[in-house]
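In my numbering, the protein residues as written are 2 to 185.
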């Protein structure tokens, strides 16, 4: 069983203090509740050294929305879920086959409104204390499951900008064979 390292507990403490500037939620107060699992852990590289990583999925290219995009596992909060944390874990199990018994939910960030999808998404920050084997459960929904090393995400060589269809620019990261951008 792996205890979270100090860098992760520092991250969780900082995340608990996050506040978004307006408009973080729709003015109407509406929006569909959803949650994503930001699952951090440690794996070993080819030389047996531990390395921090985060779990991402690649959505199937045939989906109606967010087709082919990298994302955190997650989805809509259902009535039977135990809030956003329950929804994020349930969706991660459905998408990746993750064993939720090895996951320690640490904190939740404030909900964030995503205008393009009209979801109000709660990011759930968790530590993977007992990693399990993960892979796409349904390839019609998820085509890849990737543990992306944090060192690759923070490497400036992997950072770039992409232009969105509405001509805005946003930061992106090329890691683990994925182009990560947007809310992820």
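All C-beta atoms in this analysis are idealised placements derived from N, C-alpha and C, irrespective of residue type, glycine included.
Model, not experiment: these values are computed from the prediction.
Near residue i, which residues of its chain fall below 8 Å by C-beta distance, leaving aside the five closest residues on each side in sequence?
{"i": "residue 97", "result": "56, 58, 74, 135, 136, 137, 138, 143, 146"}
{"i": "residue 162", "result": "170, 171, 172, 173"}
{"i": "residue 168", "result": "none"}
Taking C-beta to C-beta, are residue i and residue j nearer than 8 Å?
{"i": "residue 107", "j": "residue 128", "result": "yes"}
{"i": "residue 20", "j": "residue 77", "result": "no"}
{"i": "residue 90", "j": "residue 80", "result": "no"}
{"i": "residue 155", "j": "residue 36", "result": "no"}
{"i": "residue 109", "j": "residue 88", "result": "no"}
{"i": "residue 61", "j": "residue 140", "result": "yes"}
Going by Cα to Cα distance, which pick from the options is closest to residue i?
{"i": "residue 160", "options": "181, 88, 102", "result": "181"}
{"i": "residue 39", "options": "162, 32, 54, 31", "result": "54"}
{"i": "residue 133", "options": "173, 124, 103", "result": "103"}
{"i": "residue 105", "options": "41, 179, 15", "result": "41"}
{"i": "residue 16", "options": "157, 151, 3, 123", "result": "123"}
To the nearest angstrom, how far is the alpha carbon of residue i from that of residue j?
{"i": "residue 12", "j": "residue 18", "result": "10 Å"}
{"i": "residue 183", "j": "residue 112", "result": "15 Å"}
{"i": "residue 131", "j": "residue 115", "result": "32 Å"}
{"i": "residue 72", "j": "residue 44", "result": "20 Å"}
{"i": "residue 9", "j": "residue 165", "result": "32 Å"}
{"i": "residue 4", "j": "residue 14", "result": "16 Å"}
{"i": "residue 186", "j": "residue 157", "result": "Outside the shown range of the chain (2 to 185) lies residue 186, about which nothing can therefore be said."}
Counting only the same chain and skipping the five closest in sequence on each side, list residues whose C-beta sits under 6 Å from that of residue i.
{"i": "residue 153", "result": "159, 176"}
Does residue i have its Cβ less than 8 Å from a Cβ in chain C?
{"i": "residue 76", "result": "Checking the listed chains, one finds no chain C in this structure; it contains a single protein chain."}
What does a CB cutoff of less than 7 Å around residue i pick up in its chain, not counting 5 residues either side in sequence?
{"i": "residue 179", "result": "57, 59, 71, 147"}
Can you list, in chain order, the stretches of the alpha helix (DSSP H) that have 4 or more residues and sit fully within the region 84–149?
If we require 4 residues or more, the alpha helix (DSSP H) runs fully inside the region 84–149 come out as 84–97.
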